[in-house]
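Numbering of the sequence shown is given in the working numbering, commencing with residue 33 and proceeding in unit increments.
Ideal placement from N, C-alpha and C gives every residue a C-beta, glycine not left out.
One structure is given here, and the rest of the page talks about it.
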Amino acid sequence: MNLEYFIAKRLIRGGTDKISISAPIIKIAIAAIALGILMMLIAIATGDGLKVKIREKVTAFNGHIQIYNYDNNNSDVSVVPVSLEQDFYPEFTSVDEVAHVQAVASKAGVIRTENTFEGMIAKGVGKDYNWKVLEEYLVAGQLPKYDGDLNDQVLMSRIMASRLQLKTGDSFYAVFFKDEADKLPNQRKFEITGIYDSGFEEIDGVLVFVDIRHIQRMNKWEADQVGNFEVFLTDFDAIEEKTKEIYGKTLSDLDTQNIQNKYFRIFEWVGLFDFNIALIIGIMIIVAGINMITALLVLILERTQMIGILKALGSANWSIRKVFLYNATYLIGIGLLWGNAIGLGIIWLQNKYRLFKFPNPKEYYVEYIPVHIDIFTVIILNIGVLLLCLLMLLLPSYIITKITPVRAIKFE
């Protein structure tokens, strides 16, 4: 039988006298553990949620990796076409974790109406385009369909539609200038079938989705020529590795770029979330540990006579220390239980009902506070907090070795 565990269990079952010193201190320690794990869970869930949401938005409009001709010089406008006759299109079978490959092309232009005008980049997409990733950003109308004959349907952002005073069902003219200055520009008439809102002004302020065949005709390209390819991965964390692998699997005249490089400022900012989360976790563990140290010292003080009796009966110092560490583990467990129940409950409510929103959504690219956490992270966090708190209690429990049986039994 584990004697230390048996004694600790009897102490726990026996409870603590309500008028004793330890009762309020123990409650404060449990509350500190609960509040600490609650803050850690919320910090992780909101930090990871915001990272995931921003990644999803940027990826939805760009893919994870772009493959294009070297002569484009990283321009947002397609300059030199790429042939569709590639080994990686339409299925990239030579690289694992590639979910989808789609062909696109871009061309700069100007939208003009009776009252105003606006610069834009027309993003040409075809029947292979994955519209599912944009469905959640659709705020009015419907997504265009380019799987049939050439049509004039476009998807425009809410910001641009507001500036141009347009809505779904309205038509407008767009002018696309040619490389040769002495030639007349191309003019196209489009109809707005849908309006989207991604929250990214860098995207919403310029991007209009059109049928890729318009761009092919204006650029005098063949039907099998496009501006570049967008590659979607199944795992974002493998983006750097897959960028290098895809680069090695494509022809020598093609280059690759991932969205982390294209939008490096955004992802540098997103990377700061990890530091903030780690800082919050560190502070909460220190606060919880200090409260538990205080509670343990008070428990030892209250049980000084018991410690003296156990020593007089021949118990070793480590054996007595284990009794109090078992007791502390129980108190930490109670705090973790309450903290997890409240924290995960708040996270679930926020995920389902989006109760809390950002006061200035433009700064965070989303209107509400997104949350994301997995069970593995919760388990690791709880085990880590428990172990770290117990490690912090090892040193103060050493005070038991300084207690002598004679003085302890006479202690009042």
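**Asked** What distance in whole Å lies between the Cβ atoms of VAL263 and ILE247, which are believed to be in contact at a cut-off of 8 angstroms?
**Response** With 8 angstroms as the limit, ILE247 and VAL263 do not qualify as a contact, their Cβ atoms being about 20 angstroms apart.
**Item:** Rounded distance between the beta-carbons of THR148 and PHE204, thought under 8 angstroms
**Value:** About 11 angstroms separates the beta carbons of PHE204 and THR148, which is beyond the 8 angstroms limit, so they are not a contact pair.
**Request:** Using the DSSP secondary-structure output, state which residues sit across from ALA523 in a beta bridge.
**Result:** Only positions 33 to 444 of the chain appear in this structure, which leaves residue 523 out of reach.
**Request:** In the DSSP assignment, find the alpha helix (DSSP H) that holds THR288 and state where it starts and stops.
**Result:** Run containing THR288: none in the alpha helix (DSSP H); it sits in the beta strand (DSSP E), 286-290.
**Request:** From the DSSP output, read off the bridge partner residues of HIS132.
**Result:** Partner(s): PHE264.
**Request:** Report the rounded CA-to-CA distance for ILE86 versus PRO56, giving the unit in angstroms.
**Result:** For the pair ILE86 and PRO56, the Cα-to-Cα distance works out to about 44 angstroms.
**Asked** Helix or strand or just coil, what does DSSP make of LYS343?
**Response** The three-state reading of DSSP puts LYS343 in helix, counting H, G and I together.
**Prompt:** Mind checking ASP267: buried by the 16 CB within 10 Å criterion, or exposed?
**Reply:** Burial call: exposed.
**Asked** Should ALA61 go down as buried or exposed, given a rule of 16 or more other Cβ atoms within 10 Å for buried?
**Response** It is buried - the Cβ of ALA61 has at least 16 other Cβ atoms within 10 Å.
**Request:** Give the secondary structure of ASN372 by DSSP, where H, G and I count as helix, E and B as strand, and everything else as coil.
**Result:** DSSP places ASN372 in helix when its eight states are reduced to three.
**Request:** Can you have a look at LYS50 and say buried or exposed, based on whether 16 or more other CB atoms are within 10 angstroms of its CB?
**Result:** No answer about LYS50 holds up, because its pLDDT of 48 lies below 50 and its placement is not dependable.
**Request:** Taking all protein chains shown into account, decide if TRP253 is buried (16 or more other Cβ within 10 angstroms of its Cβ) or exposed.
**Result:** With 16 or more Cβ atoms within 10 Å of its Cβ, TRP253 is classed as buried.
**Prompt:** With a CB to CB cut of under 6 angstroms and the five nearest residues on each side skipped, what residues in its chain are close to MET424?
**Reply:** In the same chain as MET424, and ignoring 5 residues on each side of it, the C-beta atoms closer than 6 angstroms to its own belong to GLY321, in chain order.
**Request:** Give a yes or no on contact between the region 184-201 and the region 222-231, applying the rule of three or more CB pairs nearer than 8 angstroms.
**Result:** Segment contact: the region 184-201 against the region 222-231, three or more CB-CB distances shorter than 8 angstroms; contact assigned.
**Request:** Quick one: which unbroken alpha helix (DSSP H) runs of 4-plus residues sit fully inside the region 210-286? Chain order, please.
**Result:** Within the region 210-286, the complete alpha helix (DSSP H) runs of at least 4 residues fall at 233-236, 244-250, 271-281.
**Item:** Proximity winner among ARG220, GLU395, THR436, PRO393, relative to LYS139 (alpha-carbon distances)
**Value:** Closest by alpha carbon: ARG220.
**Prompt:** Mind checking whether TYR228 and VAL136 have CB atoms under 8 angstroms apart?
**Reply:** The Cβ-Cβ distance between TYR228 and VAL136 does not fall below 8 angstroms.
**Asked** Ordered along the chain, which non-local residues of its own chain (more than five positions away) have a Cβ less than 7 angstroms from that of TYR295?
**Response** Apart from the 5 residues on each side of it in sequence, TYR295 sits with its Cβ closer than 7 angstroms to the Cβ of VAL90 in its chain, given in chain order.
**Prompt:** Taking C-alpha atoms, which residue in LEU239, LEU70, GLN134 lies nearest to MET152?
**Reply:** Of the listed residues, the one whose Cα sits closest to MET152 is LEU239.
**Item:** Limits of the alpha helix (DSSP H) - the one that LEU161 falls within
**Value:** In the sequence under discussion, the amino acid at residue 161 is Tyr, which differs from the Leu named in the question. Per DSSP, TYR161 belongs to no alpha helix (DSSP H) and is neither H nor E.
**Asked** Cβ of LYS215 versus every heavy atom of the ligand ADP: is any distance shorter than 7 angstroms?
**Response** Among the components of this structure there are no ligands whatsoever, and the ligand ADP is therefore not found.
**Request:** With a threshold of 16 other CB atoms inside 10 Å of the CB of THR125, please say whether the residue is buried or exposed.
**Result:** Label assigned to THR125: exposed.
**Prompt:** Once you ignore the five residues that flank GLN292 on each side, which residues in its own chain have a CB closer than 7 angstroms to its CB?
**Reply:** Contacts found: ILE271, PHE299.
**Item:** First and last residue of the uninterrupted beta strand (DSSP E) at VAL112
**Value:** No beta strand (DSSP E) contains VAL112, which DSSP labels as neither H nor E.
**Item:** With 16 other Cβ atoms within 10 Å as the buried cut-off, status of THR288
**Value:** Under a 10 Å Cβ-count criterion, THR288 is classified as buried, with 16 or more other Cβ atoms of the shown protein chains found around its own Cβ.
**Prompt:** How big is the Cα-Cα spacing for GLN185 and TRP380?
**Reply:** Spanning the two alpha carbons is a distance of roughly 39 angstroms.
**Message:** If the criterion is Cβ atoms closer than 8 angstroms, does the pair GLY81 and VAL403 meet it?
**Reply:** Yes, these two residues count as a Cβ contact at 8 angstroms.
**Message:** Applying the 10 Å Cβ sphere with the 16-neighbour rule, what's the burial state of VAL157?
**Reply:** Counting Cβ neighbours within 10 Å, VAL157 comes out buried, since at least 16 surround it.
**Prompt:** Can you list, in chain order, the residues of its chain whose CB lies under 8 angstroms from that of LEU329, leaving out five sequence neighbours each side?
**Reply:** For LEU329, where only same-chain residues beyond five positions count, the Cβ hits under 8 angstroms are PRO428, ILE431.
**Request:** Could you pull the start and end residues of the beta strand (DSSP E) that ALA431 belongs to?
**Result:** Sequence inspection shows Ile at residue 431; the Ala mentioned does not correspond to that position. ILE431: not part of any beta strand (DSSP E); DSSP gives it neither H nor E.
**Asked** Under a Cβ-count criterion, where at least 16 other Cβ atoms within 10 Å of its own Cβ denotes burial, should GLN134 be classed as buried or exposed?
**Response** GLN134 comes out buried.
**Request:** Classify ASN323 as helix, strand or coil using the three-state DSSP reduction.
**Result:** Helix.
**Simplified DSSP state of LYS389, which is helix, strand or coil** = Under the three-state reduction of DSSP output, LYS389 falls in the strand class.
**Asked** Taking the alpha-carbon positions, what's the ILE332 to LEU413 distance?
**Response** If you draw a straight line from the Cα of ILE332 to the Cα of LEU413, it comes to about 28 angstroms.
**Prompt:** Where does the unbroken alpha helix (DSSP H) through ASN94 begin, and where does it stop?
**Reply:** Taken as a continuous stretch (DSSP letters only), the alpha helix (DSSP H) holding ASN94 covers 54-94.
**Asked** Could you check where the beta strand (DSSP E) with ILE99 kicks off and where it finishes?
**Response** Element bounds for ILE99: 97-101.
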